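So the structure is just underneath, and the comments pick up after that.
Number of protein chains: 6
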Amino acid sequence: MSDSDRFEKGAEVMQKLLGRVPEEGAMQEDFRQITVKNLFGDIWTRPGLAVRDRSLITCAVLTALGREPQLRIHMKGALNVGISREEILEMMVHIAHYAGWPTAVNGTHVAEAVFKEIDEADG
Amino acid sequence: MSDSDRFEKGAEVMQKLLGRVPEEGAMQEDFRQITVKNLFGDIWTRPGLAVRDRSLITCAVLTALGREPQLRIHMKGALNVGISREEILEMMVHIAHYAGWPTAVNGTHVAEAVFKEIDEADG
Amino acid sequence: MSDSDRFEKGAEVMQKLLGRVPEEGAMQEDFRQITVKNLFGDIWTRPGLAVRDRSLITCAVLTALGREPQLRIHMKGALNVGISREEILEMMVHIAHYAGWPTAVNGTHVAEAVFKEIDEADG
Amino acid sequence: MSDSDRFEKGAEVMQKLLGRVPEEGAMQEDFRQITVKNLFGDIWTRPGLAVRDRSLITCAVLTALGREPQLRIHMKGALNVGISREEILEMMVHIAHYAGWPTAVNGTHVAEAVFKEIDEADG
Amino acid sequence: MSDSDRFEKGAEVMQKLLGRVPEEGAMQEDFRQITVKNLFGDIWTRPGLAVRDRSLITCAVLTALGREPQLRIHMKGALNVGISREEILEMMVHIAHYAGWPTAVNGTHVAEAVFKEIDEADG
Amino acid sequence: MSDSDRFEKGAEVMQKLLGRVPEEGAMQEDFRQITVKNLFGDIWTRPGLAVRDRSLITCAVLTALGREPQLRIHMKGALNVGISREEILEMMVHIAHYAGWPTAVNGTHVAEAVFKEIDEADG
C-alpha cells in the first residue's frame, strides 16, 4: 500500500471514531503523519478485532495508565462507536480493582466532564 | 445481601469464567474471602457491562501494566467467555501502540503459552 | 453484615480520617456506594493494621504512583490521624530513592499546598 | 561527614535492617558504594521518620510498583524491625485497592515465600 | 569529600545544565540539600557517561514515566548541553513505540511549550 | 515506499543493531511484520536522531519501565553500536535517581548477565 493510501485509510477511521483528523500544524508534522498512517491507517483498520472492542480496550488502557488527555479524546470515540455512558462508567468501577481506585476515580471524572461537554453542545 | 450470598455469587462467576474457585489454603484466607466476595461477587456480577467486555478490558489492563501471572489466568477466562485466539493476539498488536511494544510482546508470549497448554491438555 | 451496616461503618471511618463522606451526587452513585461500603467499610476498618499505618502506606503508594489528586486528600487524612508534617516531608525524601526523584518532588509540592491550605483556614 | 563515615553509617543500618551488607563483588562496585553511602548512610539514618515507618513505606512502594526481588529483601527487613506477619499480609489487602489486585496478590506470594523460608531456616 | 564541596560541585552542574540552582526556600530545605549534593554533586558529575548522554536519558525516562513538570525543566537542560530541537522531537516519535503513544504525545506538547517559551524570551 | 521495501529496510537495521531478524514462526506473524516494517523500517531508520542515541534512550526507557526481557536484547544492541559497558553501568546509577533504585538494580543485573554471556561466547 502506498503512503498516501495509508494516510487516507487512517484519516477515514479517525474521522469516524474521533470526529476529526489532526490538521497540518496541529502537532509536529512527522509525528502527525506517523499517527495517521501507522497507528490509524495500519493498526485500527486491521481485521481480527472490532472497532468497538479496540475502542473499549483503548479506554481501559488509558484509564489504567492514567493518560487522561488521551482518555478524554477516546471516550468521545467510544460513544461514537456505540459504547454507552453506562458501560463507560461501569468500566471504571471494574478497573478500580485491577489498577487501583485512583485511576478509576480520575477516569470517572474524565467521563463526567465529557458527558457534560456533549450535553452542553447539544443544548 | 449476606456475606455467604456474596461468596456464593462470586464463586459462581469464578467457576464460569476461570474454571475454578481458589480453595481454602490456596491463598491467605482473608484475601481469598475478599477476592471472592468483593471482587467477583460484588463487581464482576454487576449489570452495566457484559462479562465478555469485563474479560476483554481485564486482559487489556493486565497487559498494559505487565501483570503476567494474572494475565495468564484471565486469558483462559477470555477464551472461556467466547473471545477468540485471533482477538487476543490482535489485542496485543493494538496495545503495543498505547502501552509500548514490550508490554505487547510479553502479552503475546503469555498468549502463546496459554494456547499451547490448552492444545496439549486437549491432546 | 447488611449493606447499610457496611455503608455506616465506612462513612464513620471516612468522617474520622478525611473529615467528610462524599454526598449523593458528588460522584457516580454506584461507585460512591462501593467506595464507602467496600473500600472504607470492609477494608479500612479491618484489624491487623492500625489506621495510622494504613494512612502512611496509602500516602506512600499514592506518591510512588503519582496519583496527586488522591494524595492531596489522604495527606489531610494523615495529619488527622496523627502523622506529623515532618514525617510526611521525610517520607518524600525516602520515596525519592525507591520511586524516583520526580514522584517525591511532586509529593513535596502537594504537601506544601496542603499545609498552606490548612494554615490559611486556621487564620 | 567523610566518605568512610557515610559508608560505615550505611553499613550499620543495612546490617540491622537486612542482616547483611553487600560484599565487594556482590554488585558493580560504584553502585554498591552509592547504595551503602547515599541510600542507607545518608537517607535511612535521617531523623524525622522512624526506621519501622521507613520499612513499612518501602514495602508498600515496592509492592505497588511490582518490584518483587527488592520486596523480598525488604520484607525480611520489615520482620527484623518489628513489623508482624499479620501486618504485612494486611498491608497487601489494603494496597490491592490503591494499586490494583495483581500487585497485592504478587506481594502476598512474596510474603508467603519469605515466611516459609524463615520457618524452614528455623527448623 | 566534604558536604560543602559536594554542594558546590552540584550547584555548578545545575547552573550549567539548568541555568539555576534552587534557592533556600524554593523547596523543603533538606530535600534541596540532598538534591544538590547527592543527585547533582555526587551523580551528575561522575565520569563514565557524558553530561549530554545523561541529559538525553533523563529526558527519555521522564517522558516514558509521564513526569511532565520535570521533563519541562530537563528539556531546557537538554538544549543547554547541545541536544537539538529536532533530536528532542525525534526522541518522542521513538519513545511512542516503547512506552506508548500517549507518553510521546504529551512529551511533544511539553517540547512545543518549551520551544515557544524560549522563542518568546528571545523576542 | 512499498511494504517489501519497508520490511527490507527494517530487517537491515535489526541485523546491524541486534544481530538478527526474527524468523517466520518466531512470533505471531502479523506482529512480526509490523515490528520489522513499522518499528524498525519506518522508525529506527529515520534521520533526526543517531542510531546510537536511539539505542541509548531505548535502554533507558526499558530500564525505567522494568521491561527486562527487552532490555536484555537492546543492551546487546547498545554494545553493537558502540556504547561501552562502562556507559551502560553508569546509566543504571543515573536512572536509579529518576525511576527508583530497584529499576536500576534490576538493570545492573541484566547488564551483568549480558556481559557474562558475551564473555563466555568469546571463550
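Protein chains in written order, with the working numbering: chain A, 178 to 300; chain B, 178 to 300; chain C, 178 to 300; chain D, 178 to 300; chain E, 178 to 300; chain F, 178 to 300. Cβ coordinates follow ideal geometry from the N, Cα and C atoms, glycine included. As the structure is a prediction and not an experimental result, all values here were calculated from the model.
The beta carbon of N215(A) falls within 8 Å of a beta carbon belonging to chain F, placing the residue at that interface. In the displayed model, M252(C) falls within a helix according to three-state DSSP. In this structure, I265(E) places its C-beta atom within 8 Å of the C-beta atom of M252(E). The three-state reading of DSSP puts M178(E) in coil, since its state is none of H, G, I, E or B.
A direct Cα-Cα distance of roughly 30 Å separates H286(C) from E267(D). Scanning its chain for C-beta atoms nearer than 6 Å, with the 5 sequence neighbours on each side dropped, one finds around G187(E) the residues V213, K214, F217, G218, in chain order. Between I260(B) and the set L195(B), K193(B), D182(B), R229(B), the nearest pair of CA atoms involves R229(B). Within chain F, the residues P279 have their CB atoms less than 7 Å from the CB of L239(D), given in chain order. G284(F) counts as buried, since no fewer than 16 other beta carbons sit within 10 angstroms of its beta carbon. Pairing R197(C) with I211(C), the inter-Cα distance amounts to about 16 Å. Contact of I220(E) with chain C is not assigned, every C-beta pair being separated by 8 Å or more. By the neighbour-count definition (other C-beta atoms within 10 Å, threshold 16), S232(F) is a buried residue.
Boundaries of the alpha helix (DSSP H) around T235(F): 228-242.
About 6 Å separates the beta carbons of A241(E) and I272(E), which is inside the 8 Å limit, making them a contact pair.
Chain-order list of chain C residues neighbouring R244(E): P279, by C-beta distance under 7 Å.
In the same chain as A281(C), and ignoring 5 residues on each side of it, the C-beta atoms closer than 6 Å to its own belong to M269, I272, A273, in chain order. For P279(E), the enclosing alpha helix (DSSP H) begins and ends at 278-298. Annotated three-state conformation of V258(A) is coil, per DSSP. Between the alpha carbons of R249(C) and F292(A) lies a gap of roughly 26 Å. Listed in chain order, the non-local C-beta contacts of E245(A) below 7 Å within the same chain comprise N283, V287, local neighbours out to five positions each way being set aside.
Annotated as proximal: L239(F) and Q247(F), with beta-carbon spacing under 8 Å. Annotated three-state conformation of V198(C) is coil, per DSSP. Residue state for G225(F) is assigned as coil, using DSSP reduced to three classes. Across the set L226(A), P279(A), Q205(A), E289(A), the C-alpha of P279(A) shows the shortest separation from the C-alpha of G243(C). By the CB criterion at 8 Å, L194(F) and G277(F) fall outside the cutoff.
In terms of CA proximity to P224(F), D207(A) leads the group D207(A), E189(A), F184(A). At a cut-off of 8 Å between C-beta atoms, H274(B) counts as an interface residue with respect to chain E. A check of alpha carbon separations from A227(C) across V258(C), G300(C), Q205(C), D180(C) identifies V258(C) as the nearest. Residues are counted here when their Cβ sits less than 8 Å from a Cβ of chain F; for the stretch 189-217 of chain D these are M204, Q205, D207, F208, I211, T212, L216, given in chain order.
Neighbours of N283(A) across chain C, judged by C-beta separation under 9 Å: R244, P246, Q247. By the rule that beta-carbons nearer than 8 Å mark a contact, M252(B) does not touch chain C.
For Q205(E), there is no enclosing alpha helix (DSSP H), as DSSP gives it neither H nor E. D182(B) does not reach chain C, its nearest Cβ partner there being about 11 Å away, counting only Cβ pairs nearer than 7 Å.
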